[in-house]
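Undergrad:
There are 2 protein chains.
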Amino acid sequence: MQSSTKEAMDKKNNQMLKRVITGCVGAVILIIVFFVSNTLVLNFAMALVSILSLYEMFVITKYIKHIELMVLSFVFAAAVPFLASTTTKVLMFLIFLLVFALFSMLVLNQNRYKLEQIGTIFLLSIIIPFFFSNIVFVRRLENGEVYFWLIFLGAWLNDIFALFSGMLFGKHKLAPTISPKKTIEGAIGGLIGTVLGFVVFTFVAKLIWNVDFIIWKMIILAVACVIAGVIGDLSASVIKRQFQAKDFGTLMPGHGGVMDRFDSILFVAPLVYCVLNFTSLIK
Amino acid sequence: MQSSTKEAMDKKNNQMLKRVITGCVGAVILIIVFFVSNTLVLNFAMALVSILSLYEMFVITKYIKHIELMVLSFVFAAAVPFLASTTTKVLMFLIFLLVFALFSMLVLNQNRYKLEQIGTIFLLSIIIPFFFSNIVFVRRLENGEVYFWLIFLGAWLNDIFALFSGMLFGKHKLAPTISPKKTIEGAIGGLIGTVLGFVVFTFVAKLIWNVDFIIWKMIILAVACVIAGVIGDLSASVIKRQFQAKDFGTLMPGHGGVMDRFDSILFVAPLVYCVLNFTSLIK
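Heads up: the sequence lines are chains A and B, in that order.
Its first residue numbered 1306, the first sequence is counted upward by one per residue in the numbering used here.
Its first residue numbered 1306, the second sequence is counted upward by one per residue in the numbering used here.
(1) For the region 1420-1480 of chain B, list the alpha helix (DSSP H) runs that are entirely contained and at least 4 residues long, ordered along the chain.
(2) Compare the C-beta of B:Gly1424 against all C-beta atoms of chain A and say whether one is closer than 8 Å.
(3) Starting from A:Lys1394 and walking both ways along the beta strand (DSSP E), at which residues does that stretch end?
(4) Below 7 Å between beta carbons is the criterion; list the residues of the region 1427-1453 of chain A that meet it against any residue of chain E, in chain order.
(5) Take the Cβ of A:Ser1623 as the centre, count every other Cβ of all protein chains shown within 10 Å, and call the residue buried at 16 or more, exposed below.
(6) To the nearest whole angstrom, what separates the beta carbons of A:Met1351 and A:Ser1430, a pair I think is in contact under 8 Å?
(7) Along chain B, which residues have their Cβ under 7 Å away from the Cβ of A:Lys1419?
(8) Are the C-beta of B:Met1564 and some C-beta of chain A separated by less than 8 Å?
(9) Is there at least one non-hydrogen atom of the ligand MG closer than 7 Å to the beta-carbon of B:Ile1326?
(10) Please report the residue range of the beta strand (DSSP E) in which B:Pro1485 lies.
(11) At 4 residues or longer, what runs of the alpha helix (DSSP H) sit wholly inside the region 1337-1395 of chain A?
(12) If we cut at 8 Å on Cβ distances, does B:Ser1540 have a partner in chain A?
(13) Measure the CB-CB distance between B:Cys1530 and B:Leu1576 and report whether it falls below 8 Å.
(14) Tell me the rounded alpha-carbon separation between B:Met1306 and B:Leu1446.
(15) Taking Cβ positions, are B:Asp1517 and B:Lys1419 nearer each other than 8 Å?
(16) Taking 8 Å as the CB-CB limit, is A:Lys1478 close to chain B?
(17) So, using beta-carbon positions, are A:Glu1490 and A:Phe1474 closer together than 8 Å?
(18) For B:Asn1582, report the span of its alpha helix (DSSP H) as first-last.
(19) The alpha helix (DSSP H) spanning A:Gln1549 covers which residue range?
(20) Can a CB atom of chain B be found closer than 8 Å to the CB of A:Lys1486?
(21) Taking the Cβ atom as the reference point for each residue, do A:Ser1378 and A:Leu1359 lie within a distance shorter than 8 Å?
(22) Using a Cβ cut-off of 8 Å (strictly closer), state whether A:Leu1374 contacts chain B.
(23) What is the rounded straight-line gap between the Cα of B:Phe1572 and the Cα of A:Phe1405?
(24) Below 8 Å between beta carbons: does that hold for B:Gly1424 and A:Phe1427?
(25) Does any residue of chain A have a CB that is nearer than 8 Å to the CB of B:Cys1664?
(26) Assuming A:Leu1347 contacts A:Arg1417 under a Cβ cut-off of 8 Å, what Cβ separation, rounded to an integer in Å, is found between them?
(27) For B:Ser1542, which residues from the same chain have a beta carbon less than 6 Å from its beta carbon, with the 5 sequence-adjacent residues on both sides left out?
(28) Are the beta-carbon atoms belonging to A:Leu1462 and A:Thr1507 less than 8 Å from one another?
(29) Would you call B:Val1325 buried or exposed, if buried means 16 or more other Cβ atoms sit within 10 Å of its Cβ?
(30) By Cβ distance, which residues of its chain are closer than 6 Å to A:Met1523, with the 5 residues on each side in sequence left out?
(31) Answer with yes or no whether the minimum CB distance from A:Asn1515 to chain B is below 8 Å.
(32) Tell me the rounded alpha-carbon separation between B:Glu1312 and A:Glu1373.
(33) In three-state DSSP terms, what is B:Ile1536?
(34) Comparing alpha-carbon positions, which option in B:Lys1551, B:Leu1556, B:Val1330 lies nearest B:Lys1486?
(35) Cutting at 6 Å between CB atoms, please list the residues of its own chain near A:Ile1369, excluding the five before and the five after it.
(36) Relative to the C-alpha of B:Lys1367, which residue among B:Phe1548, B:Ile1520, B:Trp1521 is closest?
Listed below in structure tokens is the structure:
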């Protein structure tokens, strides 16, 4: 009994170690990408993340049997991150092409595809590349090299603080039927950590880039990011649950698949872009 | 036996009469809308057509039980036709809001909604209002009052010529498992009729508006409209078939629902808008 408890503990520690190591490797990759983010490398990186995420979705939903739809979805996903400076017209044309192709396939293979599969593939093919591409759109704004960090801090500070404060203080379940490990204490820790992180970043941004963020706007943005991140995270959990999968993949040891790590980014990226479009965060 | 054949014939004639009368009423409404199409009346008309079409879709798919999703979809559909002159930023913001609301509902009611329903509702909520709104976008272009007609001629000339040439010469089934009444002869008649209609319209446009269309571009456009119209029509048929419905509704006697009449418009409208965005049809 004791040895099996020890084994379980070892396994848990091992898992956490993996998680931390993968996290550190990821952080290093992110910093490297940041340093070349004023080039097309960022667009290619987002195309890659989108395609990997879509691939994981096709596996989970078992739509992978519709390989022709997956290829179509990949082609579309590869194009989207390069549309940062494009017009509504090009955007509409691309979406029209995607829809027209999907429906042509539905008509030609009415027994093979169901409308609901076409709908789900359309949803995933639109939101995954478009929402991730908001990272590129944000980076291409004036002061984009500063704003860039808001997305990752907004999504991942919450993930990290929620994980550790949940482990330390977690008692009350947050959403037991969706994500049994999440606790209310974790959620509160994530929120406080993210807000503090944004305050610290306000000073860092002043120091490094001489950019003067308006602190109350930063605090509101931090709260909004936490909400968007949690909804993204829980959405991913619901999808996994509905398709009886534990993780989206195994590409990131200790984390799961790409979508397991990027699920909170999915809604935070467009949120940050929209906020920056409609208000200035800088004095 | 003879009397029942006579009854069937009477019923068929009666049905055709209804169809023609409804068609004429529709044409009169269209002409009235055209004369005020430089005002917001056109935007409101398209919002109405979109909402009615979405309502029919919610009934057919039995998603009508998710009344909260339907209302969300209606609100979005009502906004889209007014975005003719908007920027990508506003567009992205609206789509983000729609997606965020849909996923929040999925998270809050994971047992009530399935990802595939969310996907289908997203697909319908995007393409129905966006694609119909291309009528508004086309009308707001320079020479929009001329281009406006290309959409309706491109979709409905084919419907009319295909129907009558199918009735006169129809022998070989076009797509028996999707739409058993369609014949190859009807399709050819529709194609020829639409091309001829576009050629006639070229002269009409010169006479009425002094607009000089390039005739070979008009012929290619006519062929493209027929293809887009047929795919739209067949897509609607597949959807009806997959959900075991004969028509989308009863609002238009002899035609069926709004979607039964507008299904061919669905892909023709964005096609015409995209073509006009990327090439000039005028000398």
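Just so it is clear, CB atoms sit at the ideal spot from N, CA and C, and this is done for glycine as well.
These numbers were taken from a predicted model, which means no experiment stands behind them.
TA: Let me spell this out:
(1) 1420-1444, 1449-1474
(2) yes
(3) Run containing A:Lys1394: none in the beta strand (DSSP E); it sits in the alpha helix (DSSP H), 1393-1413.
(4) Protein chains A and B are contained in the structure displayed, whereas chain E is not.
(5) Look at the range of chain A in this structure, 1306 to 1588, and you will see that residue 1623 of chain A is not part of it.
(6) No, A:Met1351 and A:Ser1430 are not in contact; Cβ-Cβ is about 15 Å, not under 8 Å.
(7) Gln1547
(8) no
(9) With respect to the ligand MG, the structure offers nothing, as it holds no ligand at all.
(10) First-last of the beta strand (DSSP E) with B:Pro1485: 1484-1488.
(11) 1346-1365, 1372-1384
(12) Using a CB distance cut-off of 8 Å, B:Ser1540 counts as an interface residue toward chain A.
(13) yes
(14) Note that B:Met1306 scores 48 on pLDDT, short of 50, meaning its location in the model is unreliable; the coordinates nonetheless yield the value given after this. Each residue's Cα considered, the two are about 59 Å apart.
(15) No, these two residues do not count as a Cβ contact at 8 Å.
(16) no
(17) Yes, the Cβ-Cβ distance between A:Glu1490 and A:Phe1474 is below 8 Å.
(18) 1563-1583
(19) Counted as a single uninterrupted DSSP element, the stretch harbouring A:Gln1549 is not any alpha helix (DSSP H), since DSSP gives it neither H nor E.
(20) no
(21) yes
(22) no
(23) 7 Å
(24) yes
(25) No answer is possible for residue 1664 of chain B: the residues shown for chain B start at 1306 and end at 1588.
(26) With a Cβ gap of about 37 Å, A:Leu1347 and A:Arg1417 do not count as contacting.
(27) Answer for B:Ser1542: Ile1483, Ser1484, listed in chain order.
(28) no
(29) exposed
(30) Excluding residues within five positions, the ones whose Cβ falls inside 6 Å are Phe1503, Thr1507.
(31) The Cβ of A:Asn1515 sits no closer than 8 Å to any Cβ of chain B.
(32) Distance between the alpha carbons of B:Glu1312 and A:Glu1373: 49 Å.
(33) helix
(34) B:Lys1551
(35) Phe1363
(36) Among B:Phe1548, B:Ile1520, B:Trp1521, the Cα nearest to that of B:Lys1367 belongs to B:Phe1548.
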